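In our numbering, each residue carries its 1-based index in the sequence shown increased by 187.
Using N, Cα and C, we set each Cβ at its ideal position, and we do this for glycine too.
Keep in mind that this is a model prediction, so the values were computed, not measured.
First the structure, in the form of structure tokens, and then the observations on it.
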Amino acid sequence: MLWTFQLERPTRARHIALFLMIAAFAIAYLDRVCISTAAPSIQKELDLSDAQIGYVFSAFTLAYALFEVPGGWLADRFGARAMLTRIVLWWSAMTAATGAASGFASLLALRGLFGAGEAGVMPSITRAFGRWLPLRERGRAFGLTVMAGALGGAATQPIAAALLARISWRHAFPIFGAVGVVWAAVWFAWFRDDPREHRGVNAAELAQIDCEPVAPHRPVPWLALLRSRSLVALCAMYFGAIYGWYFYLTWLPTYLLRARGFELGTVGWLAALPFVAIAAGSLAGGAASDGLARHFGARVGLRAPGVIGLPLAALAILGAVATREPRHSAYLLACAAGLSALGVAPAWAACLALGGRHAGVVGGAMNTFGNLGGMLSPVVVGLCLAVGRSWETPLYTVAAGYLLAALCWLRIDPHARFEPD
188 MLWTFQLERP TRARHIALFL MIAAFAIAYL DRVCISTAAP SIQKELDLSD
238 AQIGYVFSAF TLAYALFEVP GGWLADRFGA RAMLTRIVLW WSAMTAATGA
288 ASGFASLLAL RGLFGAGEAG VMPSITRAFG RWLPLRERGR AFGLTVMAGA
338 LGGAATQPIA AALLARISWR HAFPIFGAVG VVWAAVWFAW FRDDPREHRG
388 VNAAELAQID CEPVAPHRPV PWLALLRSRS LVALCAMYFG AIYGWYFYLT
438 WLPTYLLRAR GFELGTVGWL AALPFVAIAA GSLAGGAASD GLARHFGARV
488 GLRAPGVIGL PLAALAILGA VATREPRHSA YLLACAAGLS ALGVAPAWAA
538 CLALGGRHAG VVGGAMNTFG NLGGMLSPVV VGLCLAVGRS WETPLYTVAA
588 GYLLAALCWL RIDPHARFEP D
């Protein structure tokens, strides 16, 4: 029997699980980003000011941030299968309903409900990675997941621009919402929280995954979590990094239209470039983190991508403001996005390292502060435009956020788990 076991070829079910989670994150960004391309049309039809559309952008992010820790706790408590099914169905319904908005109040409410429902998606994925992937594969898996989200956002820009050239924005949102419903049906039918319970996983693959049996859920040691200096630094780092990210998610198409004078068709492609760069940066950062960790240890492996990439991203933002050539500005913004993304996959790997069995809560805490930064970003842009018609000031704040995030990486210790195994 031992000889037979040793010759058994490992199955590859974990790769299918990874593919499904990657697809979920891509669909999340598909549904998040479509509103930024539609924003000029929505503003015109609903007679919204720049400040109002900024609040609409931020309503999603504020609700998302507020419900991240509860979403992470639910993922730890009930597992990724049920949570991701609920999350994707919810946000798909809210995406479709956006097309029925009748004014500022209804649009604000729909975006807030969207954010509240989508909260917990990445902590749920993190929880599933902890169960389905061996330690050596997690950094690259996080990189692939964030890359997929960025590519989903990149694909959304030209697709949404092409749809809006042919149909009303009211009809475009239900089309985007339908994609998630299909995914949720496939996910719930195929996935299991414990790979031991999946028919497609054999003993050889379980040995590669090296997962522990599912243990009863333990109470979260909240006091130890609040006292964790590494967690505080991780949250502050993500605040600064995601503050800049949300400029690309929300205001970039409008910036390219107004400040740089591009046509809508061109904007669709240029606004996609930062997401392509984020995809490449996330994948490169995850792979670099795994490689550096093997040679120099987890501290260097997790810190280095962010410490190097974020200051370079700040310089690229300053270059984008200074140049008078519109295309050069668009290209430099894309470079800034890619460089800032180098530390994203290591950040989620750090959540697993610090959180252990409570990785969902730790990931939720980090993502809460990241999305609080993301909530602030579009409001700052809207207010700056309303007060001084200035695009330079909000871009300078993006550069400052990147520098803050780089400094915070130096305070993150992946070995400082707040609860011992």
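Non-local beta-carbon contacts of valine 454 in its own chain, meaning distances under 6 Å to residues more than five positions away in sequence, involve Pro440, Leu443, Leu444 in chain order.
For glycine 542, the CB contacts under 6 Å within the same chain, skipping 5 residues up- and downstream, are Val549 in chain order. Looking at the backbone, the Cα of alanine 536 and that of aspartate 234 are separated by about 44 Å. Around the beta-carbon of tryptophan 409, fewer than 16 other beta-carbon atoms lie within 10 Å, marking it exposed. Around the beta-carbon of serine 355, fewer than 16 other beta-carbon atoms lie within 10 Å, marking it exposed. Around the beta carbon of valine 531, 16 or more other beta carbons lie within 10 angstroms, which makes this residue buried.
With contact defined as three or more Cβ pairs closer than 8 Å, the segment 424-439 and the segment 579-587 are in contact. Phenylalanine 206 is classed as exposed because its beta carbon has fewer than 16 other beta carbons within 10 Å across all chains shown. In this structure the segment 306-319 lies against the segment 205-219, because at least three pairs of beta carbons, one per stretch, are closer than 8 Å. At the C-beta level, alanine 521 and proline 601 stay beyond 7 Å of one another. By a beta-carbon distance limit of 8 Å, proline 492 contacts alanine 475. Their separation comes to about 5 Å. Taking all protein chains shown into account, leucine 413 has fewer than 16 neighbouring C-beta atoms within 10 Å of its C-beta and is therefore exposed. When secondary structure is reduced to three states using DSSP, proline 406 falls in the coil class, being assigned neither helix nor strand. For valine 388, the secondary structure class from DSSP, reduced to helix, strand or coil, is coil. Taken atom to atom, the span from the alpha-carbon of phenylalanine 426 to that of leucine 563 is near 10 Å.
Between tryptophan 438 and valine 256, the beta carbon gap of about 27 Å keeps them out of contact (Cβ cut-off 8 Å). Under the three-state reduction of DSSP, threonine 198 is assigned to coil, being neither helix nor strand.
Per DSSP, the unbroken alpha helix (DSSP H) holding glutamate 324 starts and ends at 322-351. Excluding residues up to 5 positions away in sequence, Thr313, Ala546, Val549, Gly550, Met553 lie with their Cβ nearer than 7 Å to the Cβ of cysteine 538 in the same chain. Per DSSP, reduced to three states, the secondary structure at arginine 379 is coil, with no helix or strand assignment. Contact annotation: alanine 517 and leucine 457 have beta-carbon atoms nearer than 7 Å. Burial state of glutamate 392 is buried, judged by a 10 Å Cβ sphere holding 16 or more other Cβ atoms. The beta carbon of phenylalanine 244 is closer than 6 Å to those of Thr437, Pro565 in its chain, skipping five residues each way along the sequence. The segment 238-253 and the segment 292-303 touch, with three or more beta-carbon pairs separated by less than 8 Å.
Alanine 292 and glycine 557 have their alpha carbons spaced roughly 25 Å apart.
Residue environment: alanine 341 is assigned as buried (16 or more neighbouring CB atoms within 10 Å of its CB, all protein chains considered). Judged by their CB atoms, glycine 317 and alanine 200 are not nearer to each other than the 7 Å cut-off. If you draw a 10 Å sphere on the C-beta of alanine 509, you find fewer than 16 other C-beta atoms in it, and that means exposed. The Cβ atoms of valine 275 and glycine 367 sit closer than 7 Å to each other. Taken through DSSP and simplified to helix, strand or coil, alanine 458 comes out as coil. Excluding the 5 residues flanking it on each side, valine 494 has same chain C-beta neighbours closer than 7 Å at Ala593, Trp596, Leu597, in chain order. The three-state secondary structure of serine 228, taken from DSSP, is helix. The DSSP-derived three-state label of glutamate 450 is coil. For aspartate 218, the number of other beta carbons within 10 angstroms of its own is at least 16, and it is reported as buried. Between proline 361 and glycine 286, the C-beta gap is smaller than 7 Å, which places the two residues in contact.
Annotation: the continuous alpha helix (DSSP H) that includes tryptophan 319 extends over 308-319.
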